[in-house]
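S.K.: Below you will find the structure I want to go over with you.
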Amino acid sequence: MTETILKVEGATRRFGGLVAVNAVSFEIGKGMACGLIGPNGAGKSTMFDLITGVRPVSAGDIWFKGQRMTNAPAHARSPMGMARTFQIVRLFRGLSVLENVMLGLHPRFADGIIRALLGGKARAAQETATRARAMEMLDFVGLADRADARIEEMTLGQLRLVDIARALALGPDLLMLDEPAAGLNDAETDNLGVMLERLRKQGLSMLLVEHDVDFIMNACDRIVVMDRGTKIADDVPARVRTDPKVISAYIGQRAAHAAH
Amino acid sequence: MTANSPPRPTLAPVIFILVLGALLPFLLQSGFHMRLAMLIWIYAILSMGFNLLYGYTGQISLGQPAFYAIGAYGFAMLQVKLGWGPVPSFIGTLVVCAVVAVLIGLPLLRLRTHYLAMATLAFMLIQHGIANRWIGFTGGQSGIAIVPLQWGGETIGRTGLYFVVLGMAAAVLLLHDFLVRSHVGRAMQAIRDDETAAAALGVHVVKYKLRILVLSAVIAGVAGVCFTLTSLRVDPSLSEFHVLVSMLTIVVVGGLGTRFGPILGSVVVVLLPQVLTGFGELETIVYGAFILVFLLFLPHGLSSLIERRDFLAAFKARKPAGTGKEAAE
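If you're matching them up, the sequences are chains H and D in order. Residue numbers for the first sequence follow the working numbering, beginning at 9 and rising by one. Residue numbers for the second sequence follow the working numbering, beginning at 14 and rising by one.
Here's what the structure looks like:
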């Protein structure tokens, strides 16, 4: 049994009377690529928000690298080694591509304005190192020549890669990707797949939330399936693909769509 | 091999502005012109604080004129009522501004956009009410007068005073420029553009907002102290709406969230009415028309003309960039 990176224990989230996530538990081992799938409204995005701390859990616990993270605020999770990207790309429009990636390294700087002012040479050296590291990350995703570009000058496929570069900058222990293939064309999706395969080979632990079932079956070692807030399957891709509960959840939804 | 990173902005334009500022007293002859020059610096200081808060961090606080007035009143009252010297009064005033900013920032920074604007505007009205009506404490309409700044037993002349104001403006300009070019500036802009994403990257959003609110209040306080130093009198007109309107006009005309917008805007807002006095009764209308033209043709302010190294190239490149944006939507 490999070391556990992330452990979700009975995570529950209620919105008034609606239970969006109902006592879901799963684990991600070190170096594992885990997929989280499910039909629309299954609670995937809410689950993602609970793990990243965007929303608090109503009940249950989140453990990361053996530490209880349940009540840690969102901004405290990135310095601990948890990095994420966003489904709707959330890059900072007022900053250049390079500056966006540099923000991924923000926790390396001493906190506070006065400390920044008194930082002197150490701060200047950190700034230089941050620039170099951010350029390295852009180079990794193949966008080093676009470092000075503005966000609105980039295509969606490029923006996703910038988002990934930003998330990777701190050297996280767990990379969480929220629907990274959403809205991408085939060529861009293939390019993304190659990128994720490279990261997986480097031994990075990943959690992917995805709509595109084919994409996730290829990219992951293990798949957690959610339907209407509960976990209905948690297995290797080959067995999840043939699981009757999973098939009926997806087909049930298709039937519901057809009825409209 | 990693590609070279794009060049970083340099300190050269800051030094250019300060050298120009230091040469002004030798170019201007009349006392009136010197007063205008000092007023430009005072408004520039006030607007740099607001630019950090609104232009870079996206927090629209309309309470800045109140901190400007607290700075001016504090400096006068600590000298007149407690008999403190100018330097302790200056430091004491800034401490007062910082403490008041923390007290109003803790509850108010939970609010966003126009709610924050309304709440901070209410704070300004309260401050104005106190300055106006609590006559025993603030002197009411007649305000408080102070003695001129002295050095070695002699009153400092107009040129000396100009350099005191310039020194303050230089300190604020260097601080403003350092912050916006550092990781602090990146964090501020991240909060402005997307708080959730900023927090996900480890930026402590609440702490940063409060820090910047306190800093901008202290900077407004510095502007207020400069005002008292030059006018030798404080009265409730300090925090009337015209100050707020001037400050907003400066940042918009100069360029919100730009390095030199507040200074360019201050030059325009202080000098334009002087240039337009020839229009007589039509002055206000022509002034308003000028501002409209600015907003229509330069929505990103004067700085957008200057800070773009390749303005024409950027303009031409707009078409292909537009198609990229469509794909992103």
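Note that the Cβ used here is the ideal one computed from N, Cα and C, for glycine as well.
If contact means a Cβ-Cβ distance below 8 Å, which residues of the region 171-202 of chain D contact chain H?
M.R.: Residues Leu188, Phe191, Leu192, Ser195, His196, Val197, Arg199, Ala200 and Gln202.
S.K.: Out of D/Ala132, D/Ser317, D/Phe310 and D/Ile276, state which residue places its alpha-carbon closest to the alpha-carbon of D/Ala53.
M.R.: Note that residue 53 of chain D corresponds to Ile in the displayed sequence, not to Ala. Residue D/Ile276 is the option with its Cα nearest to D/Ile53.
S.K.: Decide if H/Arg247 is buried, meaning its Cβ has at least 16 other Cβ atoms within 10 Å, or exposed.
M.R.: Classification for H/Arg247: exposed.
S.K.: How far does the beta strand (DSSP E) with H/Thr244 in it extend, from its first residue to its last?
M.R.: First, the amino acid is wrong: residue 244 of chain H is Val here, not Thr. No beta strand (DSSP E) contains H/Val244, which DSSP labels as neither H nor E.
S.K.: Does the beta carbon of H/Pro271 come closer than 8 Å to any beta carbon on chain D?
M.R.: This structure does not reach residue 271 of chain H, given that chain H is present from 9 up to 268, and the question cannot be answered.
S.K.: Quick one: is H/Glu11 buried, meaning 16 or more other Cβ sit within 10 Å of its Cβ, or exposed?
M.R.: Burial call: exposed.
S.K.: At which residues does the alpha helix (DSSP H) containing H/Ser104 begin and terminate?
M.R.: Counting along the chain, H/Ser104 falls outside any alpha helix (DSSP H), and DSSP gives it neither H nor E.
S.K.: Check whether the Cβ of D/Gly215 lies closer than 8 Å to any Cβ atom in chain H.
M.R.: Yes, D/Gly215 lies at the interface with chain H (some Cβ there is under 8 Å from its Cβ).
S.K.: Distance, Cα to Cα, H/Met77 vs H/Pro252?
M.R.: Roughly 34 Å between the two C-alpha positions.
S.K.: Pull up the distance between the alpha-carbon of D/Leu305 and that of D/Val281, whole angstroms please.
M.R.: Approximately 14 Å, taken between the alpha carbons.
S.K.: Contact between the region 207-217 of chain H and the region 167-184 of chain H is defined here as three or more beta-carbon pairs at a separation below 8 Å; is this criterion met?
M.R.: Output reads yes: the region 167-184 of chain H touches the region 207-217 of chain H.
S.K.: For H/Phe148, which residues in the same chain have their Cβ closer than 8 Å to its Cβ, ignoring the five residues on either side in sequence?
M.R.: Same-chain partners within the cutoff: Ala173 and Leu176.
S.K.: Rank H/Gly24, H/Gln134, H/Met203 and H/Arg85 by C-alpha distance to the C-alpha of H/Ser66 and give the top, closest one.
M.R.: Of H/Gly24, H/Gln134, H/Met203 and H/Arg85, the residue nearest in Cα terms is H/Gly24.
S.K.: Would D/Leu107 and D/Val231 qualify as a contact pair, given that the criterion is a beta-carbon distance under 8 Å?
M.R.: Going by C-beta atoms, D/Leu107 is nearer than 8 Å to D/Val231.
S.K.: The region 239-272 of chain D: which residues have C-beta closer than 7 Å to a C-beta of chain H, in chain order?
M.R.: Against chain H - using a Cβ distance shorter than 7 Å - the residues of the region 239-272 of chain D are Gly270.
S.K.: Note down, in chain order, every chain H residue with its Cβ under 9 Å from the Cβ of D/Arg205.
M.R.: Result: Phe100 and Gly102.
S.K.: Would DSSP call D/Trp164 helix, strand or coil?
M.R.: Here D/Trp164 sits in strand by DSSP.
S.K.: So, does the CB of H/Arg92 fall closer than 8 Å to a CB anywhere in chain D?
M.R.: It does; some Cβ of chain D falls within 8 Å.
S.K.: Starting from the Cα of H/Phe223, find the closest Cα among H/Pro188, H/Ser256, H/Lys129 and H/Lys239 and give me that residue.
M.R.: Of the listed residues, the one whose Cα sits closest to H/Phe223 is H/Pro188.
S.K.: Assuming D/Met260 contacts D/Arg171 (C-beta within less than 8 Å), just tell me the rounded distance between them.
M.R.: About 25 Å separates the two Cβ atoms, so there is no contact after all.
S.K.: Beta-carbon within less than 6 Å of D/Leu269's beta-carbon, same chain only, minus the 5 sequence neighbours each way: which residues are those?
M.R.: Excluding positions up to five away in sequence, the list reads Gly68.
S.K.: For H/Val97, which option in D/Ala213, D/Phe292 and D/Gly291 has the closest C-alpha, if you only look at C-alpha atoms?
M.R.: Minimum Cα distance to H/Val97 is reached at D/Ala213.
S.K.: Could you check what DSSP says for D/Leu188 in three-state terms: helix, strand or coil?
M.R.: Looking at D/Leu188 - three-state DSSP - the assignment turns out to be helix.
S.K.: So does the region 187-201 of chain D actually touch the region 114-132 of chain H, counting three or more Cβ pairs closer than 8 Å?
M.R.: Yes, the region 187-201 of chain D is in contact with the region 114-132 of chain H.
S.K.: Beta-carbon separation of D/Thr262 and D/Gly314 under 8 Å?
M.R.: It is not a contact, given that the beta carbons lie outside the stated cut-off.
S.K.: Within 10 Å of its beta-carbon, does D/Glu316 have 16 or more other beta-carbons around it, so buried, or fewer, so exposed?
M.R.: Note on identity: in this sequence residue 316 of chain D is Ser, with Glu being the wrong assignment. With 16 or more other Cβ atoms within 10 Å, it is buried.
S.K.: Under the rule that 16 or more other beta-carbon atoms within 10 Å means buried, what is D/Leu129, buried or exposed?
M.R.: Buried, since its Cβ has 16 or more Cβ neighbours within 10 Å.
S.K.: Across the region 152-168 of chain D and the region 239-248 of chain D, are there enough close Cβ pairs to call them in contact, namely three or more that are closer than 8 Å?
M.R.: Touching, per the Cβ criterion.
S.K.: Please list, in chain order, all residues of the same chain as D/Pro22 whose beta carbon is under 8 Å from its beta carbon, the five residues on each side excluded.
M.R.: Arg194 and Arg272.
S.K.: When you compare the CB of D/Ala334 with every CB in chain H, is at least one pair closer than 8 Å?
M.R.: Interpretation of D/Ala334 is limited by its pLDDT of 40, a score under 50 that renders its predicted location unreliable; no figure is taken from the coordinates.
S.K.: Could you check which residue in H/Pro81, H/Gly46 and H/Lys38 has the C-alpha nearest to that of H/Ile240?
M.R.: Of the listed residues, the one whose Cα sits closest to H/Ile240 is H/Gly46.
S.K.: Alpha carbon to alpha carbon, how far is D/Ala50 from H/Leu169?
M.R.: About 49 Å.
S.K.: Which residue marks the beginning of the alpha helix (DSSP H) containing H/Cys228, and which one marks its end?
M.R.: No alpha helix (DSSP H) holds H/Cys228; DSSP gives it neither H nor E.
S.K.: Following the continuous beta strand (DSSP E) through H/Glu4, name the residue where it begins and the one where it ends.
M.R.: The structure shown does not extend to residue 4 of chain H, since chain H spans only 9 to 268, so no value can be given for it.
S.K.: Using a Cβ cut-off of 7 Å, pull out every chain D residue sitting near H/Arg139, in sequence order please.
M.R.: Within chain D, the residues near H/Arg139 are Ser18.
S.K.: Judging by CA-CA distance, which residue of H/Val32, H/Gly43 and H/Lys38 is the nearest neighbour of H/Asn226?
M.R.: That would be H/Gly43, whose Cα lies nearest to the Cα of H/Asn226.
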